[in-house]
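Respectively, the protein sequence lines represent chains P and B.
If you're matching positions, the first sequence starts at 1 in UniProt numbering and goes up one per residue.
If you're matching positions, the second sequence starts at 1 in UniProt numbering and goes up one per residue.
There are 2 protein chains.
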Amino acid sequence: MAEPTRSEREFVERIGMFFETLGTARMMGRIYGWLMIAPQPRQSITELAAALGASKASISTVIRQLELGQLVERVPVPGSRQHHYQLRSGGWAHILRARVARLRPGIEAAQFGLTIVGDDRPGQRERLYELMDFFDFVGVEYGEEHVRRWEEYAKQGRDRRAGERS
Amino acid sequence: MAEPTRSEREFVERIGMFFETLGTARMMGRIYGWLMIAPQPRQSITELAAALGASKASISTVIRQLELGQLVERVPVPGSRQHHYQLRSGGWAHILRARVARLRPGIEAAQFGLTIVGDDRPGQRERLYELMDFFDFVGVEYGEEHVRRWEEYAKQGRDRRAGERS
DNA sequence: CAGTTCGTTCAGCATCTACTGAACGCCGAC
DNA sequence: GTCGGCGTTCAGTAGATGCTGAACGAACTG
Numbered sequence: 001m002a003e004p005t006r007s008e009r010e011f012v013e014r015i016g017m018f019f020e021t022l023g024t025a026r027m028m029g030r031i032y033g034w035l036m037i038a039p040q041p042r043q044s045i046t047e048l049a050a051a052l053g054a055s056k057a058s059i060s061t062v063i064r065q066l067e068l069g070q071l072v073e074r075v076p077v078p079g080s081r082q083h084h085y086q087l088r089s090g091g092w093a094h095i096l097r098a099r100v101a102r103l104r105p106g107i108e109a110a111q112f113g114l115t116i117v118g119d120d121r122p123g124q125r126e127r128l129y130e131l132m133d134f135f136d137f138v139g140v141e142y143g144e145e146h147v148r149r150w151e152e153y154a155k156q157g158r159d160r161r162a163g164e165r166s
Numbered sequence: 001m002a003e004p005t006r007s008e009r010e011f012v013e014r015i016g017m018f019f020e021t022l023g024t025a026r027m028m029g030r031i032y033g034w035l036m037i038a039p040q041p042r043q044s045i046t047e048l049a050a051a052l053g054a055s056k057a058s059i060s061t062v063i064r065q066l067e068l069g070q071l072v073e074r075v076p077v078p079g080s081r082q083h084h085y086q087l088r089s090g091g092w093a094h095i096l097r098a099r100v101a102r103l104r105p106g107i108e109a110a111q112f113g114l115t116i117v118g119d120d121r122p123g124q125r126e127r128l129y130e131l132m133d134f135f136d137f138v139g140v141e142y143g144e145e146h147v148r149r150w151e152e153y154a155k156q157g158r159d160r161r162a163g164e165r166s
């Protein structure tokens, strides 16, 4: 039920591609995209599978990753045995956080590098310090403060649009 | 010549893994890591292949990507026919810029979405607006100003360390 | 000229992973 | 009880891609 139209399907696919460049499975983006624009914002696994023309198997596995990533939440629907999912608000903030967390191996590599390159190689140490600086900088710029700024920005947008509609 | 020691090799591998999480080929990180700490900062393709235990073929193809990404530059060495490469300063700034550029398909997807979801579906439109807001926010926060802040930050770090050494 | 030393290219391989189909277990309806 | 609908799991597949080896071309040496 509620199959996407041709252009809705294109939108879904674009979001899928976008998620792919973010380093996740394309199907994650498809689900996310469809949940954004679908007539019913709450969908079961079978509904998603039907709408996206994918197997229930892949929806089932991928939606768990979405749930783990806090992009989607399972909501109870009284009287239904189906698992209904909908978008979680603040999903993009979680994406921001997740991307920052990915930098950790890099930080550790730089620290490790400094332990093995002696003072007799100042040029090499300088490059390692620069990498450390980069992570310091990014850690501050993309840190909690950054995420809070986004949440504030998002709230302002919501309020502004709500004002325009009323 | 100039094979990496065991721990240098571990560092190289860690940077390789880090690059992998950034969505590039691991070999890119290996080359970049080795150029960071190698005794001679300028290396030819055959030297890199020998040091990393990889084929010249893969070094040749990957280093062109590094060159394209402005992370590495080819430097002339008088009297040598070999192609010598070294790290470019400001490489991380280019990585920042490249990551921002990747958001473009997402922006376009959100715009497209707004053209196909009518005013009769305010909830869906709201989610699309939120995505637009997200890109607006990220575009500002990660924009040119952001990269300039990094470059300033990096310069300060360099100067500070230079002062300490003297 | 032949021989050597480079880097490049291309076909092939190995690996990984997103996705599917089928079997299964669970649970409510009847 | 049996049946049907639902989500999960697992083996298998298809597609992508990082990497190699070998053949090649270009440029210098003798």
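Where a beta carbon is used, it is the ideal one built from N, C-alpha and C, also for glycine.
For residue i, the three-state DSSP class (helix, strand or coil)
i: glutamate 144/P; result: helix
i: valine 117/B; result: coil
i: arginine 99/P; result: helix
i: serine 166/B; result: coil
i: histidine 94/B; result: helix
i: serine 7/P; result: helix
i: glutamine 156/P; result: helix
i: leucine 131/P; result: helix
i: glycine 16/B; result: helix
i: arginine 81/P; result: coil
i: proline 41/P; result: coil
i: glycine 23/P; result: coil
i: alanine 110/P; result: helix
Bounding residues of the alpha helix (DSSP H) (the contiguous stretch that carries residue i)
i: leucine 35/B; result: 26-37
i: alanine 66/P; result: Here residue 66/P is leucine; the residue named in the question, alanine, does not match the sequence. First-last of the alpha helix (DSSP H) with leucine 66/P: 56-68.
Range of the contiguous beta strand (DSSP E) that encloses residue i
i: arginine 74/B; result: 72-75
i: leucine 48/P; result: Counting along the chain, leucine 48/P falls outside any beta strand (DSSP E), though it belongs to the alpha helix (DSSP H) covering 45-52.
i: glutamine 86/P; result: 84-87
Proximity to residue i [Cα-Cα], best of the options
i: phenylalanine 33/P; options: Arg88/P, Val75/P and Arg99/P; result: Note on identity: in this sequence residue 33/P is glycine, with phenylalanine being the wrong assignment. Looking at the Cα atoms, Arg88/P is the closest of the given residues.
i: leucine 66/B; options: Arg30/B, Gly53/B and Ala51/B; result: Arg30/B
i: valine 140/B; options: Phe134/P, Tyr153/P and Asp159/P; result: Tyr153/P
i: glycine 143/B; options: Met17/B, Ala25/B and Arg99/B; result: Arg99/B
i: glutamate 145/P; options: Val117/P, Ala93/P, Ser44/P and Ala49/P; result: Ala93/P
i: tyrosine 85/P; options: Met17/P, Leu131/P, Arg42/P and Glu164/P; result: Arg42/P
i: threonine 24/B; options: Arg148/B, Gly69/B, Glu47/B and Glu73/B; result: Gly69/B
i: glutamate 3/B; options: Arg158/B, Phe137/B, Ala50/B and Glu10/B; result: Ala50/B
i: isoleucine 95/P; options: Glu47/B, Phe134/B, Arg161/B and Ser7/B; result: Phe134/B
i: methionine 17/B; options: Lys155/P, Val138/P, Leu48/P and Leu103/P; result: Leu103/P
i: aspartate 136/P; options: Leu114/P, Gln124/P, Ile107/P and Ile63/P; result: Ile107/P
i: aspartate 119/P; options: Arg148/B, Arg165/B, Met132/B and Pro78/B; result: Arg165/B
i: glutamate 8/P; options: Arg149/B, Gln156/B, Thr115/B and Asp159/B; result: Thr115/B
i: valine 77/P; options: Arg158/P, Gln40/P, Gly53/P and Met28/P; result: Gln40/P
i: residue 167/B; options: Pro122/B, Arg64/B, Met28/B and Ala101/B; result: The shown model of chain B, from 1 to 166, leaves out residue 167/B, and the question about it has no answer.
CB-CB length for residue i against residue j, believed under 8 Å
i: arginine 127/P; j: methionine 36/B; result: 5 Å
i: tyrosine 129/P; j: arginine 26/B; result: Not confirmed; about 24 Å, so no contact.
i: phenylalanine 11/B; j: phenylalanine 112/P; result: 6 Å
i: arginine 97/P; j: histidine 83/P; result: About 25 Å separates the two Cβ atoms, so there is no contact after all.
i: alanine 109/P; j: isoleucine 15/B; result: 5 Å
i: glutamate 151/B; j: glycine 90/B; result: 7 Å
**Request:** Select from the region 113-135 of chain P all residues with a C-beta closer than 9 Å to any C-beta belonging to chain B, and list them in chain order.
**Result:** Listed in sequence order: Gly113, Thr115, Ile116, Val117, Arg121, Pro122, Gly123, Gln124, Arg125, Glu126, Arg127, Leu128, Tyr129, Glu130, Leu131, Met132, Asp133 and Phe134.
**Prompt:** Between the region 74-91 of chain B and chain P, which residues of the former have CB atoms less than 7 Å from a CB of the latter, in chain order?
**Reply:** Only Leu87 from the region 74-91 of chain B bring a Cβ to less than 7 Å from some Cβ of chain P.
**Request:** Compile a chain-ordered list of the residues in the region 13-27 of chain B whose CB is closer than 7 Å to at least one CB of chain P.
**Result:** Residues passing the 7 Å Cβ filter: Arg14, Ile15, Met17, Phe18, Thr21 and Gly23.
**Asked** Of all the residues that make up the region 139-150 of chain B, which are near chain P by a beta-carbon distance shorter than 8 Å?
**Response** Glu141, His146, Arg149 and Trp150
**Prompt:** Going along the UniProt domain "HTH marR-type" (37-81) of chain B in order, which residues come within less than 7 Å of chain P, judged by CB to CB distance?
**Reply:** Ile37 and Pro41
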